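Comments concern the structure below.
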Amino acid sequence: MLLTKKSDAVTRTTADASLVHSLRRGLSHALPTMDRRGFLRRSGLGVGAGLAASQLALVRKADAADTAAHSVDGSGQVVVRRTVCSHCSVGCAVDAVVENGVWVRQEPVFDSPINMGSHCAKGASLREHGHGEYRLRYPMKLVNGKYERISWDQALNEISARMLDLRKASGPDSVYVVGSSKHSNEQSYLLRKWMSFWGSNNCDHQARICHSTTVAGVANTWGYGAMTNSYNDMQNSKCALYIGSNAAEAHPVSMLHMLHSKETGCKMIVIDPRFTRTAAKADQYVRIRSGTDIPVLFGVLYHIFKNGWEDKKYINDRVFGMDKVREEVLAKWTPDKVEEVSGVKEADLYRVAETMAKNRPGTIVWCMGQTQHTIGNAMVRASCILQLALGNVGISGGGANIFRGHDNVQGATDVGPNPDSLPGYYGLAEGSWKHFANAWGVDFEWIKGRYAPGMMGKSGITVSRWIDGILEKNDLIDQPSNLRGVIFWGHAPNSQTRGLEMKTAMDKLDLLVVIDPYPSATASMAAMPAKQGSEVNPDRAVYLLPASTQFETSGSCTASNRSVQWREKVIEPLWESRSDHMIMYQLAQKLGFGQELVKNYKMQKVGGMDEPVPEDILREINRCVWTIGYTGISPERVKAHMRHMAAFDVETLKCKGTVKDSETGYDMTGDYFGLPWPCWGTPELKHPGSPNLYDTHKHVMDGGGNFRANFGVEKDGVNLLAEDGSHSVGADITTGYPEFDHVLMKKLGWWDELTDAEKKAAEGKNWKTDSSGGIIRVVMKNHGCYPFGNAKARAVVWNFPDAIPQHREPLYGTRPDMVAKYPTHDDKKAFWRLPTLYKTVQEKNIADKLYEKFPLIMTSGRLVEYEGGGEETRSNPWLAELQQEMFVELNPKAAAERGISDGDRVWVNTPTGGHLNVQALVTERVAADTVFLPFHFSGRWQGADMLAYYPAGAHPIVRGEAVNTGTTYGYDSVTMMQETKTTVCQIEKA
Numbered sequence: 007m008l009l010t011k012k013s014d015a016v017t018r019t020t021a022d023a024s025l026v027h028s029l030r031r032g033l034s035h036a037l038p039t040m041d042r043r044g045f046l047r048r049s050g051l052g053v054g055a056g057l058a059a060s061q062l063a064l065v066r067k068a069d070a071a072d073t074a075a076h077s078v079d080g081s082g083q084v085v086v087r088r089t090v091c092s093h094c095s096v097g098c099a100v101d102a103v104v105e106n107g108v109w110v111r112q113e114p115v116f117d118s119p120i121n122m123g124s125h126c127a128k129g130a131s132l133r134e135h136g137h138g139e140y141r142l143r144y145p146m147k148l149v150n151g152k153y154e155r156i157s158w159d160q161a162l163n164e165i166s167a168r169m170l171d172l173r174k175a176s177g178p179d180s181v182y183v184v185g186s187s188k189h190s191n192e193q194s195y196l197l198r199k200w201m202s203f204w205g206s207n208n209c210d211h212q213a214r215i216c217h218s219t220t221v222a223g224v225a226n227t228w229g230y231g232a233m234t235n236s237y238n239d240m241q242n243s244k245c246a247l248y249i250g251s252n253a254a255e256a257h258p259v260s261m262l263h264m265l266h267s268k269e270t271g272c273k274m275i276v277i278d279p280r281f282t283r284t285a286a287k288a289d290q291y292v293r294i295r296s297g298t299d300i301p302v303l304f305g306v307l308y309h310i311f312k313n314g315w316e317d318k319k320y321i322n323d324r325v326f327g328m329d330k331v332r333e334e335v336l337a338k339w340t341p342d343k344v345e346e347v348s349g350v351k352e353a354d355l356y357r358v359a360e361t362m363a364k365n366r367p368g369t370i371v372w373c374m375g376q377t378q379h380t381i382g383n384a385m386v387r388a389s390c391i392l393q394l395a396l397g398n399v400g401i402s403g404g405g406a407n408i409f410r411g412h413d414n415v416q417g418a419t420d421v422g423p424n425p426d427s428l429p430g431y432y433g434l435a436e437g438s439w440k441h442f443a444n445a446w447g448v449d450f451e452w453i454k455g456r457y458a459p460g461m462m463g464k465s466g467i468t469v470s471r472w473i474d475g476i477l478e479k480n481d482l483i484d485q486p487s488n489l490r491g492v493i494f495w496g497h498a499p500n501s502q503t504r505g506l507e508m509k510t511a512m513d514k515l516d517l518l519v520v521i522d523p524y525p526s527a528t529a530s531m532a533a534m535p536a537k538q539g540s541e542v543n544p545d546r547a548v549y550l551l552p553a554s555t556q557f558e559t560s561g562s563c564t565a566s567n568r569s570v571q572w573r574e575k576v577i578e579p580l581w582e583s584r585s586d587h588m589i590m591y592q593l594a595q596k597l598g599f600g601q602e603l604v605k606n607y608k609m610q611k612v613g614g615m616d617e618p619v620p621e622d623i624l625r626e627i628n629r630c631v632w633t634i635g636y637t638g639i640s641p642e643r644v645k646a647h648m649r650h651m652a653a654f655d656v657e658t659l660k661c662k663g664t665v666k667d668s669e670t671g672y673d674m675t676g677d678y679f680g681l682p683w684p685c686w687g688t689p690e691l692k693h694p695g696s697p698n699l700y701d702t703h704k705h706v707m708d709g710g711g712n713f714r715a716n717f718g719v720e721k722d723g724v725n726l727l728a729e730d731g732s733h734s735v736g737a738d739i740t741t742g743y744p745e746f747d748h749v750l751m752k753k754l755g756w757w758d759e760l761t762d763a764e765k766k767a768a769e770g771k772n773w774k775t776d777s778s779g780g781i782i783r784v785v786m787k788n789h790g791c792y793p794f795g796n797a798k799a800r801a802v803v804w805n806f807p808d809a810i811p812q813h814r815e816p817l818y819g820t821r822p823d824m825v826a827k828y829p830t831h832d833d834k835k836a837f838w839r840l841p842t843l844y845k846t847v848q849e850k851n852i853a854d855k856l857y858e859k860f861p862l863i864m865t866s867g868r869l870v871e872y873e874g875g876g877e878e879t880r881s882n883p884w885l886a887e888l889q890q891e892m893f894v895e896l897n898p899k900a901a902a903e904r905g906i907s908d909g910d911r912v913w914v915n916t917p918t919g920g921h922l923n924v925q926a927l928v929t930e931r932v933a934a935d936t937v938f939l940p941f942h943f944s945g946r947w948q949g950a951d952m953l954a955y956y957p958a959g960a961h962p963i964v965r966g967e968a969v970n971t972g973t974t975y976g977y978d979s980v981t982m983m984q985e986t987k988t989t990v991c992q993i994e995k996a
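Heads up, the sequence shown is in my numbering, so the first residue is 7 and it goes up one at a time.
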């Protein structure tokens, strides 16, 4: 729909009145059309340039003179709150200007080393979240197909009673909780603790369906499953390969750093099935068939090996198994085979290989274009192997710069509700549970008693498969009961595949709860009448609870580069919304573990109610998450960084000179901005953070490091530890070594360097479970070594389905000839508690000749205007103005063959029975065999508007078909990542 300007009869006689008017919210003052400059101006940016001219304190109350100068009406109290954009993972800082409790304008923080005063469209429109026109305002309950307002007391009482009934009848695993990558670190951590006290590992969040394959694949290659370097460090790259990443739209501000790098000669390469806005900035663009990343990457490696361009010394010293990879690549991925599978000509890949080989250090960037496949784990490992062959890991300007999606998806993955781990990637073994029981101050046996017998150490169902937890036959599920209750705690269901089956699953539940600032597509899907003949649970209860946004509370968030930033509370919770951690506490009280949940935290009053203090939750994280170095990241250190952003270098992120925080006296000398994890030891150790992982060119106390010894010391008689002479600068041990524990400390004669208190805590422990941090302190500060050992990265990952990455065709594809050569995996009987099909589906699709009925490859991706499932951004009038239609991109050849013109309404039909009514965008961005749809839309269902099924007044302005209504079955063979980037469809004119 087109947003149009309404009449405006207000007379403006002064500059102040004009300013007031430009800040008034509402569509009545929106222009009929706006360019981006006009959008930035009218959404509240740029009107407070006077504030940006001086260093803004984290919280600054204006004095009398300032009040007169900066107050909108000349009389109010003005404060400036520093926060962080709540959209993508770049971590752009924002100064919110608040008058009398109202968020009136915003400034991008020019001193931020990350965004340097820049915003994308989404960041520029943040202020709208602080007004809440289309927010969920009150608790609501679905009654006779309509949402009715209820009280918080009623909602909490009824939800908790239902949960306890389900627990009694079917056990704690009958309830599934989907957490959020929008939660702060503290909220994410508290939710995993909450689930542990409820007694189930059936919890997950968005990372499962965006980068779980990255986390698993990269961690199993060299130690940690995270971005190795930073957006900033890309300014030091001489070559950058983007594969499966459209950063210009998905992470727009990150492009600042890449464009600066290009100005100094960096060669930029983009490999993608679609000519994206990122490709438009590239020196070389290579189009591939979706899903063929491994043949392409190994095709590049072929030329590197053939020409002797690999870094032989680096491989010898720091990499295991590259000889086996080399042998396979040269034999299997010759240029003719690569072209047959991917469509890429030899000359194009030779040019890529030559550019990367002759312009080192080089970095590689990937996103969901590479992760969302049934072989996503193998694809990301192929990218890692390419970088290892070139010696590009553990060096400034190199690395695997894996761009995460949501603002805190990294932090939520690190410490949040993962079904297979406790915070910090601690596993579910008894030792891990005892470590956290000690940190939480509760008895291990009490936690164990909360779980059903045998379920405490078993990974839960993934968010990508909760549908099957409801619909699958019970005797095929590896838990006592099917799922009967689901809580969506800040998650968009339209981000998940198999939307039609999802609706069926929702209708069978006993309990469905949505906790969100916006009602999300869950609310409308739940209220929409079931398809005729479908089974519906007549006793189902559906509730909506209004959560506040991250601007109505405080807490930390972790950007993609692992830097942690602190958000100040900008405004009080709007309407009747409550913070997520308050809701967790209130539900826990009703469920019987309220005191245990918050026993280590002070409480503060918000709206007259108790709420755990976020700083105390972070301090608890500091006391227990040793594995990834969240232990050194105290609230005081992070807040000091936020107050002094100008002190940090834009390229290195290192503090420039001696800088002390006047508020706390903390000396930031040597720190890297945001203390990118691992920030080792206790805060008192003052580790500066690790800007570039595995960098042996620095001392470990200056952020240096090496690859992790996490896979043993040898494999089949071959050494897995680093070779002699391969170590971080200044290390006392100048060869490879295993991880440190109490035994190794004693053998080396370092044990007596611990204090008596540290010895007591460390006895019988390793560096991950030593609650004193003494082992880490002695190993790093006294001896310059790394707590997790010094090993080789693994080019061969023997514990994965394919030890060397193998190309396998998608379950739904258009190339039966390739399926015959590169078939998928065998079916799995019990995988993350569920049977998972591979060959059965693929072979049936071939037998049914689906490739003839659905001859187009369908892929999906992001737009710059929207984020994730899109409900909050499509509810923002400024963003809604910029992108008003769901669409499909199709090639002119494909369009001509179907009689389709640009702008026509078309039906996108898929094998699931999905029929999506969208607008055609005829463009050569996509090849003739491929179509592209953005994944941010919901609110229309198979051609019908769902407006009537949203709560009154709480609906997105722009509504469109969700691409995932039509996406198909298919899951990664390690992490259960959904396959969204490669499926099939047919298109016809509507």
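Where a beta carbon is used, it is the ideal one built from N, C-alpha and C, also for glycine.
The model shown is predicted, which means the values in this text are computed figures rather than measured ones.
query: According to DSSP, which residues form a beta bridge with Ser562?
result: For this step, residue 562 is matched to residue 556 along the sequence shown. Looking at the DSSP output, Ser562 shares a beta bridge with Trp572.
query: Can you list, in chain order, the residues of its chain whose CB lies under 7 Å from that of Pro425, leaving out five sequence neighbours each side?
result: As a first step, residue 425 is located in the sequence shown; it is residue number 419 there, counting from the start. These residues qualify, in order along the chain: Asn207, Asn208, Cys209, Asp210, Ser465, Gly466, Ile467, Thr468.
- prompt: The alpha helix (DSSP H) spanning Thr510 covers which residue range?
  reply: For the purposes of this step, residue 510 is taken as residue 504 along the sequence shown, with counting starting at 1. For Thr510, the enclosing alpha helix (DSSP H) has its first and last residue at 505–514.
- request: With DSSP as the reference, please indicate the residues paired to Pro114 in a beta bridge.
  value: As a first step, residue 114 is located in the sequence shown; it is residue number 108 there, counting from the start. Per DSSP, Val100.
- request: Ignoring anything shorter than 3 residues or poking outside the region 340–391, list the beta strand (DSSP E) runs there in chain order.
  value: If we require 3 residues or more, the beta strand (DSSP E) runs fully inside the region 340–391 come out as 368–372.
query: Does DSSP classify Asn788 as helix, strand or coil?
result: Counting from one through the sequence shown, the residue named residue 788 turns up at place 782. Reduced to three states, the DSSP call for Asn788 is helix.
- request: Could you tell me which of Gly368, Met385, Arg143 sits nearest to Pro807, measuring between CA atoms?
  value: Taking the sequence shown and counting its residues from 1, the one referred to as residue 807 is at position 801. The candidate whose alpha carbon is nearest that of Pro807 is Met385.
task: Return the residue from the list Glu134, Tyr524, Ala511 that minimises the CA-CA distance to Ala498.
output: Indexing the sequence shown from 1 puts residue 498 at position 492. When only C-alpha atoms are compared, the closest one is Tyr524.
field: Member of Ala728, Ile453, Glu729, Lys787 whose CA lies at the smallest distance from the CA of Trp756
entry: Within the sequence shown, residue 756 is the residue found at index 750, counting from 1. The candidate whose alpha carbon is nearest that of Trp756 is Lys787.
- prompt: Tyr743 and Gly709: beta carbons closer than 8 Å?
  reply: Taking the first residue of the sequence shown as position 1, residue 743 is located at position 737. Taking the first residue of the sequence shown as position 1, residue 709 is located at position 703. Result no, Cβ atoms of Tyr743 and Gly709 do not sit closer than 8 Å.
Proximity of Lys798 and Leu699 at Cβ, strictly below 8 Å: On the sequence shown, residue 798 is found 792 positions in, with the first residue counted as 1. On the sequence shown, residue 699 is found 693 positions in, with the first residue counted as 1. Taking 8 Å as the Cβ cut-off, Lys798 and Leu699 do not qualify as a contacting pair.
message: Does Arg504 pass the burial test, meaning 16 or more other C-beta atoms within 10 Å, or should it be called exposed?
response: Against the sequence shown, residue 504 aligns to sequence position 498. It is buried - the Cβ of Arg504 has at least 16 other Cβ atoms within 10 Å.
- request: Given a cut-off of 8 Å, decide if Met648 and Asp117 are closer than it, judged by their beta-carbon atoms.
  value: As a working note, residue 117 is residue 111 in the sequence shown. As a working note, residue 648 is residue 642 in the sequence shown. Contact: no.
query: DSSP three-state call for Arg88: helix, strand or coil?
result: Taking the sequence shown and counting its residues from 1, the one referred to as residue 88 is at position 82. In the displayed model, Arg88 falls within a strand according to three-state DSSP.
- request: Output yes or no for whether 8 Å exceeds the beta carbon distance between Ser866 and Lys987.
  value: Taking the first residue of the sequence shown as position 1, residue 866 is located at position 860. Taking the first residue of the sequence shown as position 1, residue 987 is located at position 981. Yes, the Cβ-Cβ distance between Ser866 and Lys987 is below 8 Å.
query: What residues in its chain sit with their C-beta under 7 Å from that of Ala997, if we drop five residues either side in the sequence?
result: For residue 997 there is no data in the structure shown, the boundaries of the chain being 7 and 996.
Endpoints, the alpha helix (DSSP H) within which His266 is located: For the purposes of this step, residue 266 is taken as the residue at position 260 of the sequence shown. In the DSSP annotation of this structure, the continuous segment of the alpha helix (DSSP H) that includes His266 starts and ends at 260–269.
message: For a test of the three-state rule: what should DSSP assign to Trp947, helix, strand or coil?
response: Mapped onto the sequence shown, residue 947 falls at position 941. For Trp947, the three-state secondary structure derived from DSSP is strand.
field: Of the residues Thr227, Asn252, Thr270, Leu262, the one placed nearest Cys245, counting alpha carbons only
entry: One-based indexing of the sequence shown puts residue 245 at position 239. Checking every option, the nearest Cα to that of Cys245 belongs to Thr270.
field: Other residues of its chain near Asn882: CB distance less than 6 Å, five sequence neighbours each side excluded
entry: Taking the first residue of the sequence shown as position 1, residue 882 is located at position 876. Non-local C-beta neighbours of Asn882 in its own chain, meaning closer than 6 Å and more than five positions away in sequence, comprise Ser131, Glu134, ordered along the chain.
message: What does the alpha-carbon distance come out to for the pair Arg584 and Ser218?
response: For the purposes of this step, residue 584 is identified with residue 578 of the sequence shown, where counting begins at 1. For the purposes of this step, residue 218 is identified with residue 212 of the sequence shown, where counting begins at 1. Between Arg584 and Ser218, the C-alpha separation is close to 30 Å.
message: Looking at Val104: is its Cβ nearer than 8 Å to the Cβ of Arg87?
response: The residue you call residue 104 lines up with position 98 of the sequence shown. The residue you call residue 87 lines up with position 81 of the sequence shown. At the C-beta level, Val104 and Arg87 come within 8 Å of one another.
Boundaries of the alpha helix (DSSP H) in which Leu172 is found, first to last residue: Residue mapping note: residue 172 aligns to position 166 of the sequence shown, counting from 1. DSSP places Leu172 inside the alpha helix (DSSP H), whose first and last residues are 158–176.
field: Boundaries of the alpha helix (DSSP H) in which Ile781 is found, first to last residue
entry: Numbered from 1 along the sequence shown, position 775 holds the residue referred to as residue 781. Taken as a continuous stretch (DSSP letters only), the alpha helix (DSSP H) holding Ile781 covers 780–783.
field: Start and end residues, beta strand (DSSP E) containing Pro841
entry: Counting from one through the sequence shown, the residue named residue 841 turns up at place 835. For Pro841, the uninterrupted beta strand (DSSP E) segment begins and ends at 840–842.
C-alpha gap between Val964 and Pro957, whole angstroms: Numbered from 1 along the sequence shown, position 958 holds the residue referred to as residue 964. Numbered from 1 along the sequence shown, position 951 holds the residue referred to as residue 957. If I take the Cα positions, the gap works out to 15 Å.
- prompt: Measuring CA to CA, which of Leu593, Pro552, Leu840 is closest to Leu142?
  reply: Taking the first residue of the sequence shown as position 1, residue 142 is located at position 136. Residue nearest to Leu142 within the set Leu593, Pro552, Leu840 is Pro552 (criterion: CA-CA distance).
- request: Provide the residue(s) that pair with Arg155 in DSSP beta bridges, ordered along the chain.
  value: Numbered from 1 along the sequence shown, position 149 holds the residue referred to as residue 155. The partner list for Arg155 (beta bridge, DSSP) reads Met146.
query: What are the uninterrupted segments assigned as alpha helix (DSSP H) that are 4 or more residues long and contained completely in the region 635–703, given in chain order?
result: The qualifying runs are 641–649.
Outcome for Glu316 when other beta-carbon atoms lying within 10 angstroms are tallied against a minimum of 16: Here residue 316 is taken as the residue at index 310 of the sequence shown, counted from 1. Buried, by the Cβ-count rule.
- request: Assign Glu192 to buried or exposed, taking buried as 16 or more other Cβ atoms, counted over all protein chains shown, within 10 Å of its Cβ.
  value: Along the sequence shown, read from residue 1 onward, the residue named residue 192 stands at position 186. Buried, since its Cβ has 16 or more Cβ neighbours within 10 Å.
message: So Asp516 and Asn480 are supposed to be a Cβ contact under 8 Å. How far apart are they, rounded?
response: Working through the sequence shown from its first residue, we reach residue 516 at position 510. Working through the sequence shown from its first residue, we reach residue 480 at position 474. Between Asp516 and Asn480, the beta carbon gap of about 15 Å keeps them out of contact (Cβ cut-off 8 Å).
task: With Lys752 as the anchor, note down where its alpha helix (DSSP H) starts and where it stops.
output: Position 746 of the sequence shown, counted from the start, is the residue given in the question as residue 752. Segment 748–754, the alpha helix (DSSP H) holding Lys752.
message: Using only the alpha-carbon positions, how far apart do Tyr636 and Asp342 sit?
response: By one-based count along the sequence shown, residue 636 stands at place 630. By one-based count along the sequence shown, residue 342 stands at place 336. Cα-Cα distance, rounded: 48 Å.
Reduced DSSP secondary structure (H/G/I, E/B, other) of Arg800: The sequence position of residue 800 within the sequence shown is 794, counting from 1. Strand, per DSSP.
query: Hey, how far is the Cα of Thr830 from the Cα of Val749?
result: As a working mapping, residue 830 is identified with position 824 in the sequence shown. As a working mapping, residue 749 is identified with position 743 in the sequence shown. Going by the C-alpha atoms only, they are around 45 Å apart.
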